[in-house]
Amino acid sequence: MTANALFSPFAHKSLTLKNRIVMAPMTRSHSPDGVPTAEVAAYYRRRAAADVGLIVSEGTGVNRPASLNDPNVPRFHGQAELAGWQKVIDEVHSVGGVMAPQLWHVGAVKTRHDSWSPPGPYDSPSGLSRPGKQLGQGMADHEVADAISAFAQAAADAKRLGFEAVELHGAHGYLIDQFFWEGTNERDAPFGGSSLVERSKFAAEILKATREAVGPDYPIIIRISQWKQQDYEVRMAQTPAELQAWLGTLVDAGADILHCSQRRFWEPEFEGDGSDLNFAGWAKKLTGQPTITVGSVGLSGEFIAAFGGEGSEPASLDELLRRLDRGDFDLVGVGRALLQDPLWATKVKEGRTTELQPFRREALATLS
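Using our numbering, the letters of the sequence shown correspond one by one to residues 1 to 368.
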(Lines of atoms letter the chains of each structure in order from A; the text may use other names.)
(Lines give C-alpha, C1' and ligand atoms only; values in the text may rest on other atoms or scores of the structure.)
Protein backbone atom coordinates (compact mmCIF):
# COMPACT_ATOMS: atom_id res chain seq x y z
CA MET A 1 0.00 0.00 0.00
CA THR A 2 1.08 3.59 -0.51
CA ALA A 3 1.59 5.91 2.43
CA ASN A 4 -0.50 8.70 0.94
CA ALA A 5 -3.10 8.61 3.72
CA LEU A 6 -0.36 8.94 6.32
CA PHE A 7 0.89 12.14 4.68
CA SER A 8 -2.44 13.86 4.14
CA PRO A 9 -3.16 17.02 6.18
CA PHE A 10 -5.26 17.09 9.34
CA ALA A 11 -7.07 19.94 11.05
CA HIS A 12 -9.18 20.19 14.19
CA LYS A 13 -10.10 23.46 15.89
CA SER A 14 -6.94 25.60 15.82
CA LEU A 15 -4.65 22.62 15.21
CA THR A 16 -3.38 22.24 11.63
CA LEU A 17 -0.97 19.43 10.78
CA LYS A 18 0.81 18.67 7.53
CA ASN A 19 0.39 14.92 8.02
CA ARG A 20 -0.99 12.23 10.35
CA ILE A 21 2.26 11.24 12.12
CA VAL A 22 2.43 11.99 15.83
CA MET A 23 5.62 11.52 17.80
CA ALA A 24 4.35 9.64 20.83
CA PRO A 25 5.39 10.80 24.31
CA MET A 26 8.39 8.86 25.64
CA THR A 27 10.04 9.44 29.00
CA ARG A 28 13.70 10.30 28.46
CA SER A 29 15.11 11.45 31.87
CA HIS A 30 17.61 13.82 30.24
CA SER A 31 16.55 17.07 31.97
CA PRO A 32 18.76 17.55 35.06
CA ASP A 33 16.75 18.79 38.03
CA GLY A 34 13.68 18.92 35.81
CA VAL A 35 14.97 21.61 33.42
CA PRO A 36 14.97 20.77 29.69
CA THR A 37 18.34 21.47 28.11
CA ALA A 38 19.56 22.62 24.71
CA GLU A 39 20.10 18.94 23.87
CA VAL A 40 16.43 18.24 24.62
CA ALA A 41 15.43 21.11 22.33
CA ALA A 42 17.67 19.77 19.56
CA TYR A 43 16.23 16.26 20.00
CA TYR A 44 12.72 17.51 19.27
CA ARG A 45 13.89 19.88 16.55
CA ARG A 46 15.43 17.01 14.57
CA ARG A 47 12.13 15.18 14.42
CA ALA A 48 10.12 18.29 13.60
CA ALA A 49 12.50 18.97 10.70
CA ALA A 50 12.03 15.44 9.37
CA ASP A 51 8.32 15.28 8.54
CA VAL A 52 6.72 14.59 11.94
CA GLY A 53 3.30 16.23 11.88
CA LEU A 54 2.80 16.66 15.62
CA ILE A 55 5.31 16.15 18.42
CA VAL A 56 3.93 15.23 21.83
CA SER A 57 6.63 15.77 24.41
CA GLU A 58 7.79 13.33 27.01
CA GLY A 59 5.70 13.48 30.17
CA THR A 60 6.26 16.72 32.10
CA GLY A 61 5.40 17.18 35.76
CA VAL A 62 2.65 19.53 36.90
CA ASN A 63 3.02 21.65 40.04
CA ARG A 64 2.50 19.10 42.81
CA PRO A 65 5.40 18.02 45.09
CA ALA A 66 5.37 14.36 44.02
CA SER A 67 4.12 14.68 40.46
CA LEU A 68 7.30 12.95 39.23
CA ASN A 69 9.25 9.91 40.39
CA ASP A 70 12.54 10.86 38.69
CA PRO A 71 14.54 14.08 39.25
CA ASN A 72 15.69 14.15 35.62
CA VAL A 73 12.25 14.11 34.05
CA PRO A 74 11.26 17.66 33.05
CA ARG A 75 8.74 19.74 34.95
CA PHE A 76 6.25 22.13 33.41
CA HIS A 77 6.31 24.74 36.15
CA GLY A 78 8.92 27.09 37.58
CA GLN A 79 10.87 29.90 35.98
CA ALA A 80 13.90 27.89 34.82
CA GLU A 81 11.79 24.98 33.65
CA LEU A 82 9.41 27.08 31.57
CA ALA A 83 12.35 29.01 30.12
CA GLY A 84 13.74 25.66 29.00
CA TRP A 85 10.44 24.75 27.37
CA GLN A 86 10.39 28.13 25.63
CA LYS A 87 13.67 27.18 23.98
CA VAL A 88 12.23 23.81 22.99
CA ILE A 89 9.17 25.23 21.27
CA ASP A 90 11.22 27.97 19.62
CA GLU A 91 13.53 25.33 18.13
CA VAL A 92 10.58 23.24 16.93
CA HIS A 93 8.94 26.29 15.39
CA SER A 94 12.18 27.28 13.66
CA VAL A 95 11.78 24.27 11.36
CA GLY A 96 8.01 24.55 10.94
CA GLY A 97 7.11 22.01 13.60
CA VAL A 98 3.98 21.68 15.76
CA MET A 99 4.15 20.50 19.37
CA ALA A 100 2.11 19.74 22.47
CA PRO A 101 3.54 19.10 25.94
CA GLN A 102 2.23 16.06 27.76
CA LEU A 103 1.15 17.12 31.26
CA TRP A 104 1.78 14.40 33.80
CA HIS A 105 1.37 13.37 37.39
CA VAL A 106 2.63 9.87 38.19
CA GLY A 107 0.53 9.47 41.34
CA ALA A 108 1.36 6.58 43.63
CA VAL A 109 4.29 5.22 41.64
CA LYS A 110 7.46 4.63 43.60
CA THR A 111 10.60 6.60 42.77
CA ARG A 112 13.05 4.97 40.37
CA HIS A 113 16.10 6.15 42.36
CA ASP A 114 17.31 4.73 45.66
CA SER A 115 19.06 7.99 46.55
CA TRP A 116 16.21 10.37 45.70
CA SER A 117 12.64 10.84 46.86
CA PRO A 118 10.06 13.38 45.72
CA PRO A 119 9.83 16.49 47.93
CA GLY A 120 6.41 15.66 49.27
CA PRO A 121 3.94 12.82 49.87
CA TYR A 122 2.69 10.63 47.06
CA ASP A 123 -0.67 11.64 45.62
CA SER A 124 -3.30 9.02 44.86
CA PRO A 125 -7.04 8.51 45.18
CA SER A 126 -6.83 5.94 47.99
CA GLY A 127 -3.17 5.44 48.95
CA LEU A 128 -2.81 2.42 46.66
CA SER A 129 -0.17 1.91 43.99
CA ARG A 130 -1.97 -1.21 42.79
CA PRO A 131 -4.83 -3.28 44.23
CA GLY A 132 -3.94 -4.13 47.82
CA LYS A 133 -0.56 -2.35 47.74
CA GLN A 134 -0.32 0.65 50.06
CA LEU A 135 1.87 3.60 49.05
CA GLY A 136 1.19 6.79 50.95
CA GLN A 137 -2.26 8.10 51.82
CA GLY A 138 -5.26 9.05 49.76
CA MET A 139 -5.52 12.70 48.75
CA ALA A 140 -7.61 15.08 50.82
CA ASP A 141 -10.24 17.03 48.91
CA HIS A 142 -8.14 20.21 48.95
CA GLU A 143 -5.19 18.27 47.48
CA VAL A 144 -7.44 16.97 44.70
CA ALA A 145 -8.50 20.54 43.96
CA ASP A 146 -4.88 21.69 43.94
CA ALA A 147 -3.93 18.95 41.46
CA ILE A 148 -6.78 19.96 39.16
CA SER A 149 -5.54 23.56 39.27
CA ALA A 150 -1.97 22.44 38.59
CA PHE A 151 -2.96 20.77 35.31
CA ALA A 152 -4.94 23.82 34.23
CA GLN A 153 -2.10 26.21 35.04
CA ALA A 154 0.37 24.09 33.09
CA ALA A 155 -1.96 24.13 30.10
CA ALA A 156 -2.28 27.91 30.31
CA ASP A 157 1.51 28.19 30.41
CA ALA A 158 1.81 25.90 27.38
CA LYS A 159 -0.50 28.13 25.37
CA ARG A 160 1.38 31.24 26.51
CA LEU A 161 4.71 29.76 25.45
CA GLY A 162 3.38 29.00 21.97
CA PHE A 163 2.62 25.26 22.02
CA GLU A 164 -0.19 24.40 19.60
CA ALA A 165 -2.01 21.96 21.91
CA VAL A 166 -1.69 20.12 25.22
CA GLU A 167 -2.01 16.48 26.15
CA LEU A 168 -3.15 15.20 29.55
CA HIS A 169 -1.63 11.86 30.58
CA GLY A 170 -4.62 9.83 31.69
CA ALA A 171 -3.22 6.36 30.98
CA HIS A 172 -0.91 3.55 32.12
CA GLY A 173 -1.70 3.54 35.84
CA TYR A 174 -0.58 7.11 36.64
CA LEU A 175 -2.60 9.57 38.74
CA ILE A 176 -5.55 10.33 36.45
CA ASP A 177 -5.74 6.66 35.53
CA GLN A 178 -5.54 5.66 39.20
CA PHE A 179 -8.80 7.54 39.66
CA PHE A 180 -10.35 5.69 36.69
CA TRP A 181 -9.32 2.25 37.96
CA GLU A 182 -11.47 0.55 40.57
CA GLY A 183 -8.37 -1.33 41.73
CA THR A 184 -6.77 1.88 43.01
CA ASN A 185 -9.78 4.15 43.60
CA GLU A 186 -11.77 3.15 46.66
CA ARG A 187 -13.17 6.63 47.27
CA ASP A 188 -16.81 7.54 47.54
CA ALA A 189 -18.34 10.41 45.59
CA PRO A 190 -17.48 12.95 44.35
CA PHE A 191 -14.23 11.46 43.00
CA GLY A 192 -14.99 7.78 43.39
CA GLY A 193 -17.81 5.30 43.11
CA SER A 194 -18.78 1.91 41.76
CA SER A 195 -18.97 2.93 38.10
CA LEU A 196 -16.23 4.01 35.70
CA VAL A 197 -18.21 7.16 34.91
CA GLU A 198 -18.26 8.11 38.60
CA ARG A 199 -14.52 7.50 38.86
CA SER A 200 -13.98 9.72 35.81
CA LYS A 201 -14.95 12.89 37.68
CA PHE A 202 -11.31 13.77 38.53
CA ALA A 203 -10.35 13.64 34.85
CA ALA A 204 -13.51 15.51 33.88
CA GLU A 205 -12.77 18.31 36.35
CA ILE A 206 -9.21 18.58 35.02
CA LEU A 207 -10.57 18.81 31.48
CA LYS A 208 -13.10 21.48 32.47
CA ALA A 209 -10.47 23.54 34.30
CA THR A 210 -8.06 23.15 31.41
CA ARG A 211 -10.70 24.23 28.92
CA GLU A 212 -11.43 27.32 30.98
CA ALA A 213 -7.70 28.09 31.12
CA VAL A 214 -7.02 27.78 27.37
CA GLY A 215 -10.29 28.82 25.74
CA PRO A 216 -12.72 27.09 23.39
CA ASP A 217 -10.56 26.63 20.28
CA TYR A 218 -7.30 25.40 21.81
CA PRO A 219 -6.97 21.61 21.33
CA ILE A 220 -6.90 19.37 24.39
CA ILE A 221 -5.73 15.79 23.89
CA ILE A 222 -6.09 13.13 26.57
CA ARG A 223 -4.13 9.89 26.54
CA ILE A 224 -6.08 6.91 27.82
CA SER A 225 -5.55 3.16 28.08
CA GLN A 226 -7.31 0.07 29.29
CA TRP A 227 -4.07 -1.62 30.42
CA LYS A 228 -1.97 -0.50 33.37
CA GLN A 229 1.74 -0.80 34.03
CA GLN A 230 0.69 -2.52 37.24
CA ASP A 231 -1.41 -5.09 35.34
CA TYR A 232 -1.22 -5.46 31.57
CA GLU A 233 -4.46 -7.45 31.42
CA VAL A 234 -6.77 -4.90 33.09
CA ARG A 235 -9.78 -3.79 31.07
CA MET A 236 -11.97 -1.13 32.63
CA ALA A 237 -14.58 -1.00 29.85
CA GLN A 238 -15.69 -4.52 29.02
CA THR A 239 -18.22 -3.61 26.33
CA PRO A 240 -18.71 -0.89 23.72
CA ALA A 241 -21.52 0.55 25.86
CA GLU A 242 -19.20 0.90 28.85
CA LEU A 243 -16.52 2.44 26.65
CA GLN A 244 -19.02 4.92 25.22
CA ALA A 245 -20.16 6.01 28.69
CA TRP A 246 -16.56 6.51 29.85
CA LEU A 247 -15.29 8.37 26.81
CA GLY A 248 -18.46 10.40 26.49
CA THR A 249 -17.81 11.80 29.96
CA LEU A 250 -14.35 12.95 28.86
CA VAL A 251 -15.56 14.48 25.59
CA ASP A 252 -18.42 16.29 27.33
CA ALA A 253 -15.86 17.74 29.77
CA GLY A 254 -13.67 19.17 27.02
CA ALA A 255 -11.48 16.49 25.41
CA ASP A 256 -10.95 17.19 21.71
CA ILE A 257 -8.72 14.29 20.65
CA LEU A 258 -8.50 10.84 22.27
CA HIS A 259 -5.01 9.30 22.29
CA CYS A 260 -5.79 5.61 22.62
CA SER A 261 -2.86 3.60 23.90
CA GLN A 262 -2.66 -0.14 23.41
CA ARG A 263 0.35 -2.39 23.32
CA ARG A 264 -0.30 -3.61 19.75
CA PHE A 265 -2.40 -1.35 17.54
CA TRP A 266 -3.60 -4.21 15.32
CA GLU A 267 -5.42 -6.10 18.09
CA PRO A 268 -9.24 -5.78 18.23
CA GLU A 269 -10.54 -4.01 21.31
CA PHE A 270 -13.46 -6.37 21.91
CA GLU A 271 -13.25 -10.09 21.22
CA GLY A 272 -16.19 -11.99 19.81
CA ASP A 273 -18.18 -9.06 18.43
CA GLY A 274 -17.13 -9.63 14.83
CA SER A 275 -15.30 -6.31 14.58
CA ASP A 276 -11.59 -5.82 14.08
CA LEU A 277 -11.71 -2.21 15.33
CA ASN A 278 -8.90 -1.39 17.72
CA PHE A 279 -9.14 0.93 20.74
CA ALA A 280 -8.81 4.10 18.68
CA GLY A 281 -11.27 2.76 16.12
CA TRP A 282 -13.95 2.13 18.71
CA ALA A 283 -13.27 5.47 20.41
CA LYS A 284 -13.84 7.34 17.14
CA LYS A 285 -16.93 5.30 16.26
CA LEU A 286 -18.55 5.84 19.66
CA THR A 287 -17.71 9.52 20.21
CA GLY A 288 -17.24 10.99 16.75
CA GLN A 289 -14.05 12.68 17.99
CA PRO A 290 -10.65 12.44 16.29
CA THR A 291 -8.44 9.70 17.68
CA ILE A 292 -4.76 8.78 17.73
CA THR A 293 -3.82 5.12 17.52
CA VAL A 294 -0.54 3.98 19.05
CA GLY A 295 1.16 0.72 19.95
CA SER A 296 4.16 -0.91 18.26
CA VAL A 297 3.72 1.04 15.01
CA GLY A 298 6.43 0.16 12.49
CA LEU A 299 8.14 -2.43 14.69
CA SER A 300 7.91 -6.16 15.19
CA GLY A 301 7.91 -6.18 19.00
CA GLU A 302 5.88 -4.26 21.56
CA PHE A 303 7.38 -1.54 23.73
CA ILE A 304 7.08 -3.15 27.17
CA ALA A 305 9.47 -5.90 26.10
CA ALA A 306 11.93 -3.22 25.01
CA PHE A 307 12.49 -2.20 28.62
CA GLY A 308 13.58 -5.76 29.31
CA GLY A 309 16.23 -5.48 26.61
CA GLU A 310 14.32 -6.91 23.67
CA GLY A 311 14.96 -5.29 20.30
CA SER A 312 12.48 -4.91 17.46
CA GLU A 313 12.86 -5.06 13.70
CA PRO A 314 11.13 -2.79 11.19
CA ALA A 315 7.67 -4.10 10.31
CA SER A 316 5.25 -3.57 7.45
CA LEU A 317 2.91 -0.58 7.66
CA ASP A 318 0.30 -2.16 5.38
CA GLU A 319 -2.18 -3.05 8.15
CA LEU A 320 -1.83 0.39 9.72
CA LEU A 321 -2.40 2.09 6.36
CA ARG A 322 -5.40 -0.11 5.59
CA ARG A 323 -7.08 0.93 8.84
CA LEU A 324 -6.15 4.59 8.44
CA ASP A 325 -7.41 4.61 4.84
CA ARG A 326 -10.84 3.26 5.86
CA GLY A 327 -11.10 5.95 8.56
CA ASP A 328 -10.73 3.92 11.75
CA PHE A 329 -8.62 6.68 13.33
CA ASP A 330 -7.19 10.04 12.34
CA LEU A 331 -3.62 10.16 13.60
CA VAL A 332 -0.85 7.62 14.21
CA GLY A 333 1.44 7.72 17.23
CA VAL A 334 4.97 6.52 16.54
CA GLY A 335 7.23 5.92 19.52
CA ARG A 336 10.35 3.78 19.53
CA ALA A 337 10.83 3.90 15.75
CA LEU A 338 11.16 7.70 15.98
CA LEU A 339 13.24 7.50 19.14
CA GLN A 340 15.72 5.26 17.33
CA ASP A 341 15.75 7.23 14.07
CA PRO A 342 14.77 10.91 13.78
CA LEU A 343 14.46 10.45 10.00
CA TRP A 344 11.86 7.66 10.24
CA ALA A 345 8.96 9.74 8.88
CA THR A 346 10.99 11.12 5.98
CA LYS A 347 12.14 7.63 5.02
CA VAL A 348 8.55 6.35 5.02
CA LYS A 349 7.38 9.37 3.00
CA GLU A 350 10.09 8.82 0.37
CA GLY A 351 9.61 5.05 0.21
CA ARG A 352 13.05 4.35 1.68
CA THR A 353 11.79 1.43 3.75
CA THR A 354 14.99 -0.57 3.35
CA GLU A 355 16.73 2.17 5.35
CA LEU A 356 14.41 1.89 8.38
CA GLN A 357 16.37 1.01 11.50
CA PRO A 358 15.71 -1.71 14.06
CA PHE A 359 15.04 -0.50 17.59
CA ARG A 360 17.67 -1.28 20.19
CA ARG A 361 17.38 -0.62 23.91
CA GLU A 362 20.58 1.42 23.85
CA ALA A 363 18.63 4.21 22.13
CA LEU A 364 16.85 4.87 25.43
CA ALA A 365 20.11 6.13 26.93
CA THR A 366 20.74 8.85 24.35
CA LEU A 367 19.11 11.91 22.81
CA SER A 368 20.05 11.12 19.22
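The C-beta atom is built at its ideal place from N, Cα and C for all residues, glycine as well.
Secondary structure of residue i, DSSP reduced to three states
i      : result
Val88  : helix
Lys228 : strand
Gln137 : coil
Ala66  : coil
Ser312 : strand
Thr2   : coil
Thr291 : strand
His172 : strand
Thr354 : helix
His12  : strand
Gly333 : strand
Phe191 : coil
Phe151 : helix
Phe359 : strand
Delimiting residues of the alpha helix (DSSP H) encompassing residue i
i      : result
Phe279 : 279–287
Ala49  : Counting along the chain, Ala49 falls outside any alpha helix (DSSP H), and DSSP gives it neither H nor E.
Val348 : 344–349
Leu320 : 318–325
Leu338 : 336–340
Start-to-end residues for the beta strand (DSSP E) that takes in residue i
i      : result
Leu367 : Element bounds for Leu367: n/a, residue is neither H nor E.
Glu167 : 166–169
Glu58  : 54–61
Met23  : 21–23
Residue i versus the options, residue with shortest Cα-Cα distance
i      : options                        : result
Gln230 : Ala283, Arg223, Tyr174, Phe265 : Tyr174
Ala204 : Glu39, Gly272, Ala152          : Ala152
Asn311 : Ser8, Leu364, Phe329, Ser195   : Per the sequence shown, the amino acid found at residue 311 is Gly instead of Asn. Comparing Cα positions, the closest option is Leu364.
Val109 : Gly335, Met99, Tyr122          : Tyr122
Gln357 : Lys284, Ala337, Val106, Gly138 : Ala337
Leu331 : Asp33, Thr293, Tyr44           : Thr293
Ala241 : Ala209, Leu196, Lys201, Glu233 : Leu196
Trp344 : Gln262, Gln137, Gly298, Arg326 : Gly298
Pro216 : Gln102, Lys349, Lys159, Ala154 : Lys159
Asn72  : Glu267, Val35, Ala66           : Val35
Cys260 : Lys285, Ala253, Asp252, Arg45  : Lys285
Asn371 : Arg326, Ser94, Thr37, Pro268   : With the chain running from 1 to 368 in the structure shown, residue 371 is simply not present.
Ser115 : Gly78, Asp70, Gly136           : Asp70
Ala155 : Gly192, Leu128, Pro118, Tyr218 : Tyr218
Thr2   : Glu355, Val334, Glu319, Thr366 : Glu319
Ala80  : Ser129, Pro314, Ser8, Pro32    : Pro32
Phe407 : Val214, Phe179, Arg235, Asp328 : Outside the shown range of the chain (1 to 368) lies residue 407, about which nothing can therefore be said.
Ala41  : Ser225, Ser300, Val95, Phe202  : Val95
Glu271 : Pro290, Arg235, Ser296         : Arg235
Phe163 : Phe202, Leu103, Trp246         : Leu103
Val166 : Leu15, Gly183, Ala147          : Leu15
Ser8   : Arg361, Phe180, Lys349         : Lys349
Asp146 : Glu355, Val62, Asp341, Lys347  : Val62
Phe10  : Glu267, Thr291, Leu339         : Thr291
Thr353 : Gln340, Ser316, Thr239, Pro268 : Ser316
Gly97  : Thr60, Ala48, Pro119           : Ala48
Gly78  : Trp227, Thr210, Ala150         : Ala150
Pro179 : Ile148, Leu161, Pro314         : The amino acid occupying residue 179 in the given sequence is Phe; Pro does not appear at that position. Taking only the C-alpha atoms, the option nearest Phe179 is Ile148.
Trp227 : Gln262, Lys201, Arg211         : Gln262
Asp273 : Glu39, Gly170, Thr346, Gln238  : Gln238
Glu355 : Leu243, Arg45, Gln340, Glu39   : Gln340
(message) Below 8 Å, how does it come out for the segment 42–53 and the segment 9–25: are there three or more Cβ pairs, yes or no?
(response) Three or more beta-carbon pairs separated by less than 8 Å link the segment 42–53 to the segment 9–25, which places the two stretches in contact.
(message) Suppose only complete runs of 4+ residues qualify. What are the alpha helix (DSSP H) ranges in the segment 75–131, listed by chain order?
(response) DSSP runs (the alpha helix (DSSP H)) wholly in the segment 75–131: 79–94.
(request) With a floor of 4 residues, list each alpha helix (DSSP H) that falls wholly inside the segment 200–275, ordered by position along the chain. (result) For the segment 200–275, whole alpha helix (DSSP H) runs of length 4 or above, ordered along the chain, are 201–214, 240–253.
(message) Can you confirm whether the segment 74–92 touches the segment 137–148 when touching is taken to mean that 3 or more C-beta pairs between the two stretches lie within less than 8 Å?
(response) Because the criterion of three Cβ pairs below 8 Å is not met, the segment 137–148 and the segment 74–92 do not touch.
(message) Under 8 Å, with one C-beta from each stretch per pair, do the segment 92–109 and the segment 123–139 reach the 3-pair mark?
(response) Touching, per the Cβ criterion.
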